[in-house]
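First residue of the sequence shown: 71, per our numbering; consecutive thereafter.
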Amino acid sequence: MGLEGFQQPQPHKAKICMWKYLDVHSMDLINKAGTTDELKSLLSRLLDLQDFETNPRSTILLDLYFYTIQFCREQGFNREQTSAFFSIVKDVHEACVETPLPNVEECYNYFSELVFCHSIRRPPFSIDLFNQNQLVRLTDYMINTYFRHYKLYKYAFTPQVRLDISFTYIGMPEPEPKYEEAATEDSEAALSPLQEDMDETAIAEESKRGWLSGWG
71 MGLEGFQQPQ PHKAKICMWK YLDVHSMDLI NKAGTTDELK SLLSRLLDLQ DFETNPRSTI
131 LLDLYFYTIQ FCREQGFNRE QTSAFFSIVK DVHEACVETP LPNVEECYNY FSELVFCHSI
191 RRPPFSIDLF NQNQLVRLTD YMINTYFRHY KLYKYAFTPQ VRLDISFTYI GMPEPEPKYE
251 EAATEDSEAA LSPLQEDMDE TAIAEESKRG WLSGWG
């Protein structure tokens, strides 16, 4: 399939998303879940992931959402903050995997706009739900978890794209492929998943420094 067969990366408009996926009742149930098993079981029901024991994608999503809630608990977030940050994580993930084509910059920009949408009081467009210290912590969390493993989420949730290019010159014989040159090119072109993840993290870190410097 050619690249034209895949959806191109799209910009997304950030909106206030508190209570979007977890309403007040859901948050009350989450706050009552005392063990890991109880919380995972509850999240699987609330988010329609009951097949997580047999479906690898559901397993990955359940872990993503579980650790998001755990992070919110560790930070002492209230119900409104937890619901909003959960929605931010879910919306960013869905934007990430809507296309198999590279879109890490678009996704990180979307994440940044969502965070600011919940950090600055400017009704009805944004609210001051998170303070500056909380903004820094949740941004660090997303960079060191989701965006660090951006390529792995892409691999798990989108079709794989391979682009083969060949040139044919009219009137010229095709050259014999040289094994050593081909092997060298493959070696130079190939990046390990770990290196790719490190590259994506570096992009996110650079973007973070840029918009945090504008906060002050």
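Here a beta-carbon is modelled for each residue, glycine too, at the ideal position from N, C-alpha and C.
query	result
Alpha carbon to alpha carbon, what distance is there between Q230 and R207?	33 Å
Is DSSP giving I190 helix, strand or coil here?	strand
Name the residue from E150, C166, F227 whose alpha carbon lies nearest to the alpha carbon of I197.	E150
State yes or no: is the C-beta of F141 within less than 9 Å of the C-beta of F155?	yes
Closest to N148 by C-alpha separation, out of Y135, I158, Q78, M97, would be which residue?	M97
Determine whether the beta carbon atoms of Y223 and H163 lie at a separation below 9 Å.	yes
Taking just the CA atoms, how far does Y135 sit from S153?	11 Å
Counting only runs that start and end within the stretch 156-201, where is the alpha helix (DSSP H) found for 4 or more residues in a row?	174-187
Label D161 either buried or exposed according to how many other C-beta atoms from any shown protein chain fall within 10 Å of its C-beta, with 16 as the threshold for buried.	buried
Going by C-alpha distance, which of Y180, H95, T209, L184 is nearest I86?	L184
Between P79 and N173, how many whole angstroms is the CB-CB distance? I'm expecting something under 8 Å.	4 Å
If we ignore side chains and look at the alpha-carbon of each, how far apart do E144 and R115 end up?	23 Å
Quick one: Cα of P126 to Cα of L132, how far?	10 Å
Measure from the alpha carbon of Y216 to the alpha carbon of each residue in F186, F181, R191, then state which is nearest.	F181
Could you tell me the alpha carbon to alpha carbon distance between K102 and F76, rounded to whole angstroms?	43 Å
With DSSP as the reference, label H82 as helix, strand or coil.	coil
Using only the alpha-carbon positions, how far apart do A165 and K90 sit?	16 Å
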